[in-house]
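Reading through the structure tokens given below for one structure.
In our numbering, the protein residues as written are 5 to 128.
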């Protein structure tokens, strides 16, 4: 899948105006893959993403059915240091970044934050 090939663990979901309406994470896929079933996790994930030809299906087939709707976002002009509590105390791993018009302009990860803080201390 695209997420695995690119080593992406989260994707912001936007409306037509590029406003964030949700986020899809690897955890969302795993949650909907059905851990109670007996086949391996790879088979469960393939089953989840394979399109079902049936007219009616209990299986989620759109991003909107599995995404997390409550998303913490940060503005693009927010200080990097202000993001630390969101990651460390609130347990976020990915935070979509928005502009003044509340449109998605990027995403910051824990790795991005650590890298930025390391560079800042190295430069001092």
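For every residue, glycine included, the Cβ atom is placed at its ideal position computed from N, Cα and C.
Residue range of the unbroken alpha helix (DSSP H) whose run includes residue i
i	result
residue 118	114–127
residue 70	67–70
Identity of the residues DSSP links to residue i by a beta bridge
i	result
residue 24	18
residue 78	101
residue 108	102
Distance, residue j Cα to residue i Cα
i	j	result
residue 59	residue 22	Confidence is the limiting factor: at residue 59 the pLDDT is only 49, short of 50, which leaves the residue's position unreliable and the question unanswerable from this model.
residue 25	residue 67	11 Å
residue 127	residue 12	29 Å
residue 119	residue 9	22 Å
residue 34	residue 15	15 Å
residue 106	residue 124	28 Å
residue 122	residue 77	23 Å
residue 81	residue 111	13 Å
residue 114	residue 98	7 Å
residue 79	residue 69	26 Å
With 16 other Cβ atoms within 10 Å as the buried cut-off, status of residue i
i	result
residue 32	buried
Span of the beta strand (DSSP E) around residue i
i	result
residue 98	98–102
Nonlocal neighbours in the same chain, by C-beta distance under 7 Å from residue i, ignoring five residues either side
i	result
residue 18	24, 25 and 108
residue 96	76 and 90
residue 71	17, 26, 27, 28 and 32
Cβ shell of residue i (< 8 Å), same chain only, five flanking positions each side left out
i	result
residue 30	7, 13 and 14
residue 84	117, 120, 121 and 124
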